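Counting the sequence shown from 1 gives a position; the numbering used here is that position plus 73.
All C-beta atoms, glycine included, are put in the ideal place defined by N, C-alpha and C.
It should be emphasised that the depicted structure is a prediction, and the values quoted were computed from it without experimental measurement.
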Amino acid sequence: MMSKKRETNTSFVKWPTFEEIKEMFKEHFIMDRREDGVVTVRMHTKGGPVIWSMELHDAIGKMWRMLGTDRDTEMIIFTGTGNLWVTDFEAASWAAEGDNPAETRYNHMFVDGRRMIIAMIQDVEVPTLGVLSGSGGHTELALMCDLAIAADDITVLDPHMLPGTNNVPGDGIHSCFMELMPPRFAVWYLLTGDKMSAQDLLRLGLVSEIVPREKLMDRAYEIADMLMAQNRIVRRLATQLVRRNWRKRIADDLDMAFGTELFGMFCSDELHSELLSMIEYLGLEGKIDPPLKGKIR
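Here it is as structure tokens:
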């Protein structure tokens, strides 16, 4: 039955179209959308693997909020570029932390960093699939999605407590590991910076599958096809149900953990612009495909 057109006093606020959102975020994410509303969001820096920046830190939460409440988006697949996840920081981007640490750490770490995680869990109305395509840190960006799979050749870690980093692991990775892993393992990997293989990720329950790299995105789209065969409203409602534990974890942990990390940074006098690359530690020298682009140091 067709609904009758009603005369109302006001109009709905215009939301940006997908093409407008895609253009808005193009420096940070390459986005594609299928006809059925499945959107793939791929992190990049100048077309290559991500170099972690304050600009990307700001963009991630905004992307989840805008795309996650877009009514033409039905699922979001979040992934990276090449065989790196996050291994390097752009020194020039983070230099403001040394010039004005209080303002930078509040505006760009505490606010943006929390919103990066909160928006993924609270502001997204559709299923999310994290495709952990590369080695490195900040794996919570994929692992805190509703579903997560990984390439079979990656090595990941939480580097916060490694010498040369010396940060409290409070920026979301704490919530991620403590929610998904058995507690003894979570504490081990948070306090030691020990490396995990793809097989470890599967064994510890961080991902549901590991997939050969050449078949990774094909498998992601197979999973999308399974979900898109379901009733639209039921699929969206079920997504909100399975996220309840994440919401509780964030409410209990995130503000305190982030604040503790920032306090630790003041005490240890560590700056993001001086953080060491993880590439050597991960044994990836000469193995980056495609090579890193853009300014790092």
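- With respect to M254, L220 sits apart: the two C-beta atoms are not nearer than 8 Å.
- Take the alpha-carbon of L344 and the one of D325: they are about 27 Å apart.
- Leaving aside the five residues that flank P236 on each side, none in its chain has a CB nearer than 6 Å to its CB.
- Around the C-beta of I306, fewer than 16 other C-beta atoms lie within 10 Å, and the residue is accordingly described as exposed.
- DSSP places M290 outside any beta strand (DSSP E); the residue lies instead in the alpha helix (DSSP H), whose first and last residues are L289 to M301.
- Excluding the 5 residues flanking it on each side, F183 has same chain C-beta neighbours closer than 8 Å at F331, G332 and L335, in chain order.
- The stretch 106 to 117 makes no contact with the stretch 177 to 195: fewer than 3 CB pairs, one atom from each, lie closer than 8 Å.
- A distance of 8 Å or more separates the beta carbons of V199 and A215.
- In the DSSP assignment, L253 falls within the unbroken alpha helix (DSSP H) covering I246 to L253.
- In this structure, DSSP gives S126 a state outside helix and strand, which the three-state scheme calls coil.
- Note on E100: under 16 other CB atoms within 10 angstroms of its CB, so exposed under the neighbour-count rule.
- Between S270 and the set D226, F162 and W319, the nearest pair of CA atoms involves D226.
- Selection Q272, L310, M127 and D143 evaluated against A165 yields M127 as nearest (Cα-Cα).
- From the listed residues G356, P89, G359 and L327, the smallest Cα separation to E213 is found for L327.
- Counting along the chain, no alpha helix (DSSP H) covers E282; the unbroken beta strand (DSSP E) around it starts and ends at E282 to V284.
- Separation of V284 and T81 (C-alpha to C-alpha, rounded to the nearest whole angstrom) is 52 Å.
- Per the Cβ contact rule, the stretch 117 to 131 is in contact with the stretch 151 to 160 (3 or more Cβ pairs under 8 Å).
- When the beta-carbon positions are compared, M351 and G209 come within less than 8 Å of each other.
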